[in-house]
Each structure stands twice: as structure tokens, then as C-alpha cells.
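Below is one structure; the comments refer to it alone.
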Amino acid sequence: MRTSCSSRLLHFLTILLTRRMTMTSEIKLKDQTVRFKQQLFFDGRVKGGFKAIEKCHKTAGFHDAKSMFMVGQSGVGKSTIAKGYSDAFPQIDRGEYTEMEVIYCRLPSDTSLKGLLQYLLKATGCTAATAALSKANSLRAFRSQRNSPFHR
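Structure below.
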């Protein structure tokens, strides 16, 4: 899979998929994933990875929802697949709230659990919660420093 070819296909695919947003959710998901697979995937291993993402997405909202991690060597297309999948489901403004079916969040390799939460909040556009979390972390760090036996 070539990166430049993939990015051009992804752009074309995003344009195609946004036209199909009036269908019901399940039919929409099936139609979008079929088009996505037809445009981007040439390798059998990549098709397996895409099917795994699709399977996880179909279980969203259920008690036994599935999740997964994508791992692999640098440059094999993990980010391209994830970003492309999230682009297939753009945000829908519902007036009082914004519906986000899929969120793509790029993380550094050394991200902590708190960092993961901050990146997810930032990806959803929740700036007030992100600021509150940062302020709480700063306050917690200050208090732990003040109570430290080395503090004078």
C-alpha cells in the first residue's frame, strides 16, 4: 500500500461517503464499509484488519461491546486505515448536541491513562472538560509537592 495513493483514494472516498448520510444507521454502515473496502484495500491482511474494526463498531452501544488495538510496524497503514474509517462517519450537528459515531485520536506512544482521556476529550472538541482536567492535574501536583517531606 502506498501512502500517496492511499491519501488520494481516502480524499475521493470521503467525498463519496458523505453523500450517503441520509440512510438508516445499519444500512449506512454497510454501504460505507463496502465502498471503503473497494477503494482502499488491496492486501488480504489489511482486509482482515478492516473487518475487525467493522465488527467492533457494530457492537457499539451493547453490553458486551468489543474493542481492539491495532499494532504493526511503522508505515504499514494503521493510521491510514483508522483515519479513513473515522472520515467515513462525519460529525452530525443535531442542534443541542453533535453526534460523533467514530472518533479518531492520534496518541503518542508513551501516553498515560490520563493522557488518553485528555486526547479523547480534545478530539471530541470538549475544551471545557480538557481545561478542567488540566487544572485538576496541576492542583493535584501542587498539593503533592506541598506535602512532600522535601518541601520547606
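1 is the number of the first residue of the sequence shown in full-length UniProt numbering; add one for each residue after it.
Even for Gly, the Cβ is constructed at its ideal location relative to N, Cα and C.
All values derive from a computational prediction rather than experimental measurement.
Could you tell me the boundaries of the alpha helix (DSSP H) in which A60 lies? Here A60 belongs to no alpha helix (DSSP H), and DSSP marks it neither H nor E.
Which same chain residues end up closer than 7 Å to K83 when comparing Cβ atoms and leaving out the 5 residues on each side of it in sequence? Y104
For D93: DSSP bridge partner residues: Partner(s): T98.
Might you give, ordered along the chain, the residues of its own chain that have their beta carbon closer than 6 Å to the beta carbon of G72, omitting 5 neighbours on each side? Excluding sequence neighbours, G72 sits near K78.
Going by the C-beta, is A88 closer than 6 Å to any heavy atom of the ligand ADP? Because no ligand of any kind appears in the structure shown, any question about the ligand ADP cannot be addressed here.
Which term fits A65, buried or exposed, when burial requires 16 or more other beta carbons within 10 angstroms of its beta carbon? So A65 counts as exposed.
Check G72 in the structure and name its three-state DSSP category. coil
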